[in-house]
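S.K.: Submitted below is the structure of interest, expressed as structure tokens.
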Amino acid sequence: MENRNLRKEKIGIVVSTNMQKSIIVEVERRIKHPKYGKFVKKTSRFMAHDEKNDSKEGDLVKIMETRPLSKQKCWRMVEIIERAR
């Protein structure tokens, strides 16, 4: 059995579903400021592939790294963790 490389997984909130089979997920992380020690929020936006188009804006989703699917899309949605209210 061939070992596959470990793929990165991230959890974020869907901020846009305007495209077909694509979503934009915003991932927030907290990093410590090197000089002052305060924790600062940094956000990154990833375009992810959503095959069934079942996620909505505000959903909490898990995305996984995959091969490049287009110029900007190299992530795919694995599961919806929590639906938006």
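Residue numbers are given in our numbering: position 16 of the sequence shown equals residue 360, and the series is strictly consecutive. For every residue, glycine included, the Cβ atom is placed at its ideal position computed from N, Cα and C.
For Met-316, count the other beta carbons within 10 Å of its own beta carbon; 16 or more makes it buried, fewer makes it exposed. Which is it?
M.R.: This structure leaves residue 316 out entirely; the chain is present only between 345 and 429.
S.K.: Who are the Cβ neighbours of Glu-410 in its own chain at under 8 angstroms, not counting the five residues just before and after it?
M.R.: In the sequence as presented, Glu is not what sits at residue 410; that position holds Thr. Contacts found: Arg-351, His-393, Cys-418, Trp-419, Arg-420.
S.K.: Cα separation between Thr-387 and Ser-414?
M.R.: For Thr-387 and Ser-414, the distance between alpha carbons rounds to 22 angstroms.
S.K.: Here's a check: name, in chain order, each residue in its chain whose Cβ is nearer than 7 angstroms to the Cβ of Lys-385, leaving out the five neighbours to either side.
M.R.: The answer, listed in chain order, is Glu-372, Arg-374.
S.K.: How would you call Gly-381, buried or exposed, if buried means at least 16 neighbouring beta carbons within 10 angstroms?
M.R.: Exposed: under 16 other Cβ atoms inside 10 Å.
S.K.: Taking 7 angstroms as the threshold (C-beta atoms), are Arg-427 and Asp-403 in contact?
M.R.: Yes; because the gap between Cβ atoms is below 7 angstroms, this pair is in contact.
S.K.: Between which two residues does the beta strand (DSSP E) harbouring Leu-404 extend?
M.R.: It spans 404–409 - the beta strand (DSSP E) in which Leu-404 sits, taken as one unbroken run.
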